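Q:
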Ligand code: PEP
Ligand code: MN
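Numbering (the working numbering), first residue to last: 91 to 431.
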């Protein structure tokens, strides 16, 4: 870290800061300029306490961290792209994964038809929320354990893998008993207590980016998972809040590129939640694939107008095969450029 002192600091102040740097476990190097003194604190910022607290001292103007606050997920730590296995499919390092299915698990009939159509499109990983984080308490909250049971039935009948959301610590174990991948939704991206608990469940985690979360904060959230024992993390860009209101969110395509530059973890896109409207989903999927995404998660429903959540953005599941046929050439073309770090 670099500690910049206020202009013309007294010798005693410089000595005091130097001692604090030593007390925090760093080695100080003092650089005296004509007006200003800068102290470089040498040491591992992820192991030692942060010196940012020194900024509260009147003599200190600024404390600048040099190291990133995420280490295990960074490309500096692990150069090659990581691969996460989900059921019989891989994501990362040139392996493109498609996940599709309804926003919410609503009934056996609905989930079965959606799964049948997803499988017919050549996709082996389904999604479907049993526990739903809804903005309004009056909206459908999900079928809970009954929904999990239905997802289990799909695994048995179709041999698919399942991605489903965990909304709270009390559900981690029951969801992990069925899910092949635990989804952390946008609203829980920075729920660190939940991340710590989910990390120990022994399943890969799909970490959605929060709607107002910076890439660096998203990667720090992923670091919580890895440091707590979950190495198989898949990042998911699902759109962020901007001033634009003609789309539900704004798909941050550049975040895919930045995240992939910064981390070895696979990064996928969710064009459904970014778009909010079904006609935008395929064009946004194309944009994400072209930007280098390692996969996508798309909402499909047998009868979207009757969906209990996110009805405007779900692709009618019988059309999903055509969507995949349309996207596959682009996926194959782009995946070839994704193999190395
Ligand atoms: C979902 O996947 O249905 C969902 C609630 O997504 P997000 O957390 O991205 O809003
Ligand atoms: Mn949804």
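We treat Cβ as the ideally placed atom computed from N, Cα and C, and that holds for glycine. Owing to the predicted nature of the structure, the values given are computational and were not obtained by experimental measurement.
Can you tell me whether DSSP reads residue 295 as helix, strand or coil?
A: strand
Q: Determine the direct distance from the alpha carbon of residue 194 to that of residue 398, and round the result to whole angstroms.
A: 7 Å
Q: Could you check if residue 360 belongs to the surroundings of the ligand PEP, using beta carbon to heavy atom distance under 7 Å?
A: yes
Q: In the DSSP assignment, find the unbroken alpha helix (DSSP H) run with residue 419 in it and report its ends.
A: 410 to 425
Q: From the DSSP output, in three-state form, read off residue 352 for me.
A: helix
Q: Could you please give me the residues that DSSP links to residue 180 through a beta bridge?
A: Answer is 175, bridged to residue 180.
Q: For residue 313 and residue 307, what's the separation of their Cα atoms in angstroms?
A: The alpha-carbon atoms of residue 313 and residue 307 are separated by roughly 10 Å.
Q: Report yes if the CB atom of residue 268 is closer than 8 Å to the CB atom of residue 262, and no otherwise.
A: no
Q: Does the Cβ of residue 391 lie closer than 7 Å to at least one heavy atom of the ligand MN?
A: A distance criterion of 7 Å places the beta-carbon of residue 391 beyond contact range of the ligand MN, judged by its closest non-hydrogen atom.
Q: Under 8 Å, Cβ to Cβ, is there at least one residue of chain B near residue 375?
A: The structure shown has no chain B; it contains just one protein chain.
Q: Residue 356 and residue 181: beta carbons closer than 8 Å?
A: Yes. Within cutoff.
Q: Would you check whether the ligand PEP has a heavy atom nearer than 7 Å to the C-beta of residue 277?
A: yes
Q: Just to check my reading of the structure: residue 295 and residue 272 have Cβ atoms closer than 8 Å, yes? What is that Cβ distance to the nearest angstrom?
A: 5 Å
Q: Does the contact criterion of 3 or more C-beta pairs under 8 Å hold for the stretch 327 to 338 versus the stretch 143 to 152?
A: no
Q: What I want to know is whether the C-beta of residue 401 ends up closer than 7 Å to one or more non-hydrogen atoms of the ligand MN.
A: Answer for residue 401: no, Cβ out of range of the ligand MN.
Q: Report the partner residues of residue 217 according to the DSSP bridge assignment.
A: 253
Q: By Cβ distance, which residues of its chain are closer than 7 Å to residue 151, with the 5 residues on each side in sequence left out?
A: 94, 95, 96
Q: Which ranges does the alpha helix (DSSP H) cover as unbroken runs of at least 4 residues, wholly within the stretch 318 to 382, from first to last along the chain?
A: 343 to 352, 361 to 365, 368 to 380, all fully within the stretch 318 to 382.
Q: Pair every Cβ in the stretch 336 to 347 with every Cβ in the stretch 162 to 176, then say whether three or more of these pairs are closer than 8 Å.
A: no
Q: Could you check what DSSP says for residue 223 in three-state terms: helix, strand or coil?
A: coil
Q: Assuming residue 322 contacts residue 290 (C-beta within less than 8 Å), just tell me the rounded distance between them.
A: About 13 Å separates the CB atoms of residue 322 and residue 290; that is not less than 8 Å, and the two are not in contact.
Q: Taking C-alpha atoms, which residue in 189, 393, 109, 91 lies nearest to residue 137?
A: 91
Q: Per DSSP, what kind of secondary structure is residue 269 in: helix, strand or coil?
A: coil
Q: To the nearest angstrom, how far is the alpha carbon of residue 364 from that of residue 200?
A: 24 Å
Q: Going straight from the alpha carbon of residue 196 to that of residue 252, what length do you get?
A: 15 Å
Q: Would you tell me roughly how many angstroms separate the C-alpha atoms of residue 416 and residue 390, rounded to the nearest one?
A: 16 Å
Q: Taking the continuous beta strand (DSSP E) assigned at residue 95, which residues delimit it?
A: 92 to 95
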